[in-house]
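Asks:
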Amino acid sequence: VMFPLMLSLFLGASSSIWSLAPAAAFQLPPCQLINQTVSLEKEGCPKCHPVETTICSGHCITKDPVIKIPFSNVYQHVCTYRDLYYKTFELPDCPPGVDPTVTYPVALSCHCGRCAMDTS
């Protein structure tokens, strides 16, 4: 009689404790714009140069199906650019004959979507 009572008390207590865990586990930052310093460099130029830009960063909810259907595609969503533009920067101290211009992406907005290899 004592064992079922202890088991039910334990399960009741543990379920109230574990019910908090999923909420805490999903307190990850959402997919959003953040400011980030990136280093620009180019072959032939002597040093890299840090610039401030905006990038996409954060968590995207993904699902992995339990039942796998043959020949079906499963896409994992990543935090990626929705809108962006490219900014040009001229690296200092590049030797003559080396084009000192480099371009880098500046994110304007982000979303959770499939990874696009041309912009990610």
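Letter by letter, the sequence shown follows residues 179 to 298 in this note's numbering.
Glycine included, each C-beta is placed from N, C-alpha and C at the ideal position.
1. Ignore the nearest five residues each way along the sequence and tell me which others in SER287's own chain have a CB closer than 6 Å to its CB.
2. Look at the alpha carbon of LEU269 and the alpha carbon of GLU230, and state the distance between them as a whole number of angstroms.
3. Span of the beta strand (DSSP E) holding ASN213?
4. For the candidate residues MET295, HIS289, ALA294, CYS293, whose alpha-carbon lies nearest to that of ILE212?
5. Using the three-state DSSP reduction, which class does ALA303 fall into: helix, strand or coil?
6. Write down the C-beta distance between CYS272 and GLY222 rounded to the nearest angstrom, noting that I regard them as a contact closer than 8 Å.
7. So, helix, strand or coil for CYS257, using DSSP?
8. Measure the alpha-carbon distance for VAL280 versus MET295 and round it to whole angstroms.
9. Can you grab the Cα-Cα spacing for the pair TYR264 / ILE233, in whole Å?
10. By Cβ distance, which residues of its chain are closer than 6 Å to THR215, with the 5 residues on each side in sequence left out?
11. Taking just the CA atoms, how far does SER217 sit from PRO152?
12. Specify, as a first and last residue, the run of the beta strand (DSSP E) that THR231 falls within.
Replies: With the structure as the only source:
1. ARG260, ASP261
2. 14 Å
3. 210-218
4. HIS289
5. In the structure as shown, the chain begins at 179 and stops at 298. Residue 303 is therefore absent and cannot be evaluated.
6. 7 Å
7. strand
8. 20 Å
9. 12 Å
10. PRO228, GLU230
11. Not covered by the structure: residue 152. The range shown for the chain is 179 to 298.
12. 227-235
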